[in-house]
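A short write-up of the structure that comes next.
Residue numbers (our numbering): 6 to 206.
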């Protein structure tokens, strides 16, 4: 016996998360509070990951010192907008995420052994699920009234050296966060129809 169906989100919520949400390249000077960043992670951590492994790791770069460490790793196209953004999130993952399985997946005491010794599976699971958590971060940020500018265009090795040296954390992608000012935005770019990219098997 199943419970009642969840009601779908209303159109305003769907617009906020998807339909009218945009990638922002310019933000107002309004800061993003630590309270908001903590609330953001409280949402992100609730998204599903394989074996509840939660491999995503996040550095919220807000200080001048942090931005100075980040700057040398940025491409010329991304440097100015990133240094001006109130927050830049380094979305990464921990290659030793499995060490937390006894805590996060306690009903399967041997879960760590499913991965231990298989470096390819460990890395693939870390990358896949860390990327998922980065996606959750974008949606969670939008749900809290923030705007996002996710991007590639950086030297991964330099960011790893500057922020993750001596750890098992690795960089995946960056997300600028703040309150978008509507400047320097592209027109809405094309999207495909269902039948072009999807099929029901």
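From the three backbone atoms N, C-alpha and C, an ideal C-beta is built for every residue, glycine too. Keep in mind that this is a model prediction, so the values were computed, not measured.
Exposure of residue i, with buried meaning 16 or more beta-carbon neighbours within 10 Å
{"i": "residue 43", "result": "exposed"}
{"i": "residue 29", "result": "buried"}
{"i": "residue 99", "result": "buried"}
{"i": "residue 36", "result": "exposed"}
{"i": "residue 156", "result": "buried"}
{"i": "residue 193", "result": "exposed"}
{"i": "residue 191", "result": "exposed"}
{"i": "residue 14", "result": "exposed"}
{"i": "residue 95", "result": "buried"}
{"i": "residue 12", "result": "exposed"}
{"i": "residue 34", "result": "exposed"}
{"i": "residue 177", "result": "buried"}
{"i": "residue 175", "result": "buried"}
Residue range of the beta strand (DSSP E) that includes residue i
{"i": "residue 175", "result": "174-183"}
{"i": "residue 109", "result": "Run containing residue 109: none in the beta strand (DSSP E); it sits in the alpha helix (DSSP H), 106-109."}
{"i": "residue 63", "result": "61-66"}
Extent of the continuous alpha helix (DSSP H) run through residue i
{"i": "residue 130", "result": "124-148"}
{"i": "residue 16", "result": "16-19"}
{"i": "residue 23", "result": "Counting along the chain, residue 23 falls outside any alpha helix (DSSP H), and DSSP gives it neither H nor E."}
Beta bridge counterpart(s) of residue i as assigned by DSSP
{"i": "residue 155", "result": "180"}
{"i": "residue 99", "result": "174"}
{"i": "residue 42", "result": "In DSSP, residue 42 forms no bridge with anything."}
{"i": "residue 94", "result": "65 and 180"}
{"i": "residue 28", "result": "153"}
Cutoff 9 Å: residue i Cβ touching any chain D Cβ
{"i": "residue 35", "result": "The displayed structure is made up of one protein chain only, and chain D is not part of it."}
Which of helix, strand or coil DSSP assigns to residue i
{"i": "residue 71", "result": "helix"}
{"i": "residue 196", "result": "coil"}
{"i": "residue 49", "result": "helix"}
{"i": "residue 88", "result": "helix"}
{"i": "residue 168", "result": "helix"}
{"i": "residue 115", "result": "coil"}
{"i": "residue 202", "result": "helix"}
Segment contact flag, the segment 177-196 with the segment 148-158, C-beta cutoff 8 Å, min 3 pairs
By the C-beta criterion, the segment 177-196 is judged to be in contact with the segment 148-158, since at least 3 inter-stretch pairs fall below 8 Å.
With three or more beta-carbon pairs closer than 8 Å as the criterion, would you say the segment 115-135 touches the segment 45-65?
These segments touch.
Is the segment 160-177 touching the segment 67-78, taking contact as three or more C-beta pairs under 8 Å?
Flag = yes, the segment 160-177 and the segment 67-78 touch.
The segment 109-119 touching the segment 9-24, judged by at least three CB pairs closer than 8 Å:
The segment 109-119 vs the segment 9-24: no contact.
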